[in-house]
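Asker: Attaching a single structure in C-alpha cells format; questions to follow.
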Amino acid sequence: ENTDNVSILLKYENGTNAVVNYFANGSKAYAKERVEVFSQGKVLVLDNWRKLEGYGVKGFSKMIGTMDKGHKRQFALLNERVLKGGEALIPYESIVNTTRASFACIESLKKKAWIEVR
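Sequence positions in the sequence shown follow this note's numbering and run 661 to 778.
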C-alpha cells in the first residue's frame, strides 16, 4: 500500500471543497509545504510558512517573515491551560471529525472509492 503520494478531496456540509495533496516524490529544492486558499475572487498563497502572497486582496500583496508553524504559542497556551484551567485548545468535536476524516482517507485509498463521513 503506497500512501506517500495522494490527493484527497474533502467536501464539507456547507458546500466548501478542500484538496490536500501529499507528495513525497518531489524535489528537495521545492518548498516543503504550501497552502493555497481561493475564495470570493481572492487568492492567498502561503509558501513553507515563510512567505504569504495575496492576489485580488485590496491593499495586500506580499508578506515575508520567519517560519512559524505556531508550535511555541501552542505549547505556551497548553501550559497556561494546565496551570490555570480553561477550555481545550482544540474542541473535542473537531478532534473527532479530523480523526474520522483521516480514517476515511485510508479506507478510501484501500477501497479506491469515495467514503462519506458523518
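Each residue gets a CB set at the ideal place from its N, CA and C atoms; glycine is no exception.
In this structure, does DSSP put residue 760 in helix, strand or coil?
Answerer: Note: residue 760 maps to helix in three-state DSSP.
Asker: Quick check on residue 666: does DSSP put it in helix, strand or coil?
Answerer: If DSSP states are grouped into helix, strand and coil, residue 666 belongs with the strands.
Asker: For the alpha helix (DSSP H) containing residue 740, list its first residue and its last residue.
Answerer: 731 to 744 is the span of the alpha helix (DSSP H), which, as asked, contains residue 740.
Asker: Alpha carbon to alpha carbon, how far is residue 720 from residue 771?
Answerer: Between residue 720 and residue 771, the C-alpha separation is close to 44 Å.
Asker: Looking at the secondary structure, which residues open and close the beta strand (DSSP E) in which residue 749 lies?
Answerer: Note, residue 749: premise wrong, no beta strand (DSSP E); not H, not E.
Asker: Would you tell me roughly how many angstroms separate the C-alpha atoms of residue 752 and residue 692, rounded to the nearest one?
Answerer: Cα to Cα, residue 752 sits roughly 29 Å from residue 692.
Asker: Alpha carbon to alpha carbon, how far is residue 740 from residue 773? Give it in angstroms, no decimals.
Answerer: Residue 773 and residue 740: Cα-Cα distance of roughly 43 Å.
Asker: Give the single residue among 707, 683, 738 and 756 whose Cα lies nearest to the Cα of residue 664.
Answerer: Among 707, 683, 738 and 756, the Cα nearest to that of residue 664 is on 683.
Asker: Measure from the alpha carbon of residue 730 to the alpha carbon of each residue in 714, 710, 716 and 718, then state which is nearest.
Answerer: Nearest of 714, 710, 716 and 718 to residue 730, Cα basis: 710.
Asker: Rounding to the nearest angstrom, what Cα-Cα distance links residue 685 and residue 722 in this structure?
Answerer: Looking at the two C-alpha atoms, the distance is approximately 29 Å.
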